[in-house]
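First comes the structure, then the notes that go with it.
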Amino acid sequence: MDGPFDLVTMNRSVHHVWDRKERLIGSVRDRLSPGGRFVVWDPNFPDTDEGLRTPAKRTMVLHSLAEAMQGNRLMPAREIADWMRSGGFEVEVHLLNGGNEGVVVGRKKAS
Numbered sequence: 001m002d003g004p005f006d007l008v009t010m011n012r013s014v015h016h017v018w019d020r021k022e023r024l025i026g027s028v029r030d031r032l033s034p035g036g037r038f039v040v041w042d043p044n045f046p047d048t049d050e051g052l053r054t055p056a057k058r059t060m061v062l063h064s065l066a067e068a069m070q071g072n073r074l075m076p077a078r079e080i081a082d083w084m085r086s087g088g089f090e091v092e093v094h095l096l097n098g099g100n101e102g103v104v105v106g107r108k109k110a111s
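Counted from 1, the sequence shown has number 11 at position 11 by my numbering; the numbering is strictly sequential.
Printed below as a string of structure tokens:
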């Protein structure tokens, strides 16, 4: 993958590479144009066990178990946002579908 790019997207996939996310964020940042955007849409796993007790989130328990059995890890949108910030991005978080989905938009700072 060369670049530079104005936009990089990941749809329902960052939880598959969570163990390599530090390498990933550097690779994306290096290939984005200044002001370019990195958009991640992934399930928004609750921060707390209490968050899993709401009817809308109960199915997330089974989803998380299925992902864990494959070596994956669902993360809260907040954790994805923190990861992007640590990689040097300005970040916005948008929650959809009753908070079950998180769209995290990182903008590469202009040089």
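Even glycine gets a Cβ: it sits at the ideal position worked out from N, Cα and C. In this text the structure is predicted, and so the values were computed from the model without any measurement.
Rounded separation between G106 and G88 - CA only: 9 Å
Helix, strand or coil at L7 according to DSSP, with G and I counted as helix: strand
Integer Cβ distance of G102 from I80, believed to fall under 8 Å: 7 Å
Where V17 falls, given that 16 or more other Cβ within 10 Å makes a residue buried: exposed
Supposed contact pair V40 and M125 - C-beta distance, whole angstroms, cut 8 Å: Because the chain in this structure spans residues 1 to 111, residue 125 falls outside the shown range and cannot be described.
Three-state secondary structure (DSSP) of V14: helix
Under 7 Å between C-beta atoms of A56 and G98: yes
Contacts around R58, its chain only, beta-carbon distance under 8 Å, and the 5 residues preceding and following it disregarded: Leaving aside the five residues that flank R58 on each side, the residues in its chain whose CB is nearer than 8 Å to its CB run, in chain order, L52.
Cβ-based neighbour list, I25, same chain, cut-off 6 Å, excluding 5 preceding and 5 following: If you ignore the 5 residues before and after I25, its C-beta comes within less than 6 Å of the C-beta of G87, all in its own chain and listed in chain order.
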